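Visitor: Quick one: structure below, then a few questions.
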Amino acid sequence: MELRLESFIQDTIKRKLDLYHVVVRQHGDIIGKFDWRENRRDDIHSVSKSFLSIAIGMAIDEGILRLDEKPAEIFFDKLPEKPSENLLSMTIRDMIMMATGHDHFILQGYSAVDDKPVRDAIENDDWVQYALEFDVPYRPGTYWKYNNFGPYLASVIIQERTGERLVDWLKPRLFTPLGIRNPQWLESVKGYTLGCGGLHLSTEELSRFGQLCLNKGQWEGKRLISASWIEEATSCQISNKIEGKNQHPDECAGYGYFFWRCSRNNAYCGKGYAGQRIFVLPEQDACIAITAHEFNSGSISDCVWTHIVPQLN
Numbered sequence: 563m564e565l566r567l568e569s570f571i572q573d574t575i576k577r578k579l580d581l582y583h584v585v586v587r588q589h590g591d592i593i594g595k596f597d598w599r600e601n602r603r604d605d606i607h608s609v610s611k612s613f614l615s616i617a618i619g620m621a622i623d624e625g626i627l628r629l630d631e632k633p634a635e636i637f638f639d640k641l642p643e644k645p646s647e648n649l650l651s652m653t654i655r656d657m658i659m660m661a662t663g664h665d666h667f668i669l670q671g672y673s674a675v676d677d678k679p680v681r682d683a684i685e686n687d688d689w690v691q692y693a694l695e696f697d698v699p700y701r702p703g704t705y706w707k708y709n710n711f712g713p714y715l716a717s718v719i720i721q722e723r724t725g726e727r728l729v730d731w732l733k734p735r736l737f738t739p740l741g742i743r744n745p746q747w748l749e750s751v752k753g754y755t756l757g758c759g760g761l762h763l764s765t766e767e768l769s770r771f772g773q774l775c776l777n778k779g780q781w782e783g784k785r786l787i788s789a790s791w792i793e794e795a796t797s798c799q800i801s802n803k804i805e806g807k808n809q810h811p812d813e814c815a816g817y818g819y820f821f822w823r824c825s826r827n828n829a830y831c832g833k834g835y836a837g838q839r840i841f842v843l844p845e846q847d848a849c850i851a852i853t854a855h856e857f858n859s860g861s862i863s864d865c866v867w868t869h870i871v872p873q874l875n
């Protein structure tokens, strides 16, 4: 099957969406792609979190960490002088479903909207210690707030316990099997793989990750991650509806472990700053990778479901 992308392309142009590339896979094959510019690796921003989710599942499979562990116990030497009960009770599971109990976007990379600095401007080089100083006003596990606290700390935990940078630890487990050579992933000033963002991939490489998820952890006949983790991580673990905010349906369809649920076709996705996307559609046995510099994320989803998904049925 060869996918026709003309109507999708025309609609994105009509809506003035600044897309770079789109790659569509179905039944294991690339059936359509289009490049608006030269094809090269780009920062996939927070889609990096979905790669981290897979890393966490692998670490659990290997006995390196457990979801019920508490960051306050792991980083006890970096706690504030009088840690709150909420901070002390927080678990890794709370961290990976964006339910740490914070009401602030900690370690934000871009466009801070308050007096807290973005990552590049933080004076304390120990970002774990810095992050642990923030107030935790809500009981962990009960309140969804998008945050870089959890992904960064999770990356640090894996690195500390394996003795390898997260990106290096993942090479034989994920990147090399997927044919992703020399992956570049930004680091903190302390040398920890960022986790929350900064992974650079081509759109076609991103589509391979989508295929791995679609295959529930198998790649070319080899199991890289347990199917149960893929199912759990991509299922709705918590509501991400924000009271009083007008949200696109795909922004509030539920959240898993660093994966977003979509409002249509039982799909889910990895989602990154400025329009980076990997949509996974199990019912259609398909995945769609998009890279862009576009902040109208709802229109990207609408174009995908209007012009691409109907051809996959």
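Numbering (our numbering), first residue to last: 563 to 875.
For glycine and all other residues, C-beta sits at the position ideal for the given N, C-alpha and C.
Being a predicted model, the structure only gives us computed values, none of them experimental.
Quick one: Cα of Q691 to Cα of V609, how far?
Guide: C-alpha separation (whole angstroms): 25 angstroms.
Visitor: Taking C-alpha atoms, which residue in H583, R577, F696 lies nearest to L641?
Guide: Nearest C-alpha to L641: F696.
Visitor: Consult DSSP for A854 and reduce its assignment to one of helix, strand or coil.
Guide: Three-state result, A854: strand.
Visitor: To the nearest angstrom, how far is the alpha carbon of T547 from that of L761?
Guide: Outside the shown range of the chain, which is 563 to 875, sits residue 547, and nothing can be said about it.
Visitor: Could you please give the first and the last residue of the uninterrupted beta strand (DSSP E) stretch that includes K595?
Guide: Its beta strand (DSSP E) spans residues 591-597.
Visitor: Got a sec? Which residues, its chain only, sit under 6 angstroms from R823 by beta carbon, not counting five neighbours each side?
Guide: Counting only Cβ-Cβ distances below 6 angstroms, and skipping sequence neighbours, we find C798, A815, G816, Y830.
Visitor: Would a C-beta distance cut-off of 7 angstroms place W689 and S750 closer than the cut-off?
Guide: Yes.
Visitor: Which residues does DSSP pair with R839 in a beta bridge?
Guide: K833, I852.
Visitor: Have a look at L669 and M563 and give me their C-alpha separation to the nearest angstrom.
Guide: Going by the C-alpha atoms only, they are around 44 angstroms apart.
Visitor: Please give me, in chain order, every unbroken run of the alpha helix (DSSP H) with length at least 4 that falls completely inside the region 750-826.
Guide: Correct list: 765-776, 789-795.
Visitor: For F596, which option in V586, L579, D730, R603 has the closest C-alpha, if you only look at C-alpha atoms?
Guide: Ranking V586, L579, D730, R603 by Cα distance to F596 puts V586 first.
Visitor: For S615, which residues of its own chain have a beta-carbon under 7 angstroms away from its beta-carbon, when the five flanking residues on both sides are left out?
Guide: Answer for S615: I658, A795, Y819, F820, F821, listed in chain order.
Visitor: So, with DSSP's three-state summary, where would you put H583?
Guide: Strand.
Visitor: If you follow the alpha helix (DSSP H) that F613 is in, where does it begin and where does it stop?
Guide: Looking at the DSSP string, the run of the alpha helix (DSSP H) that includes F613 is 610-623.
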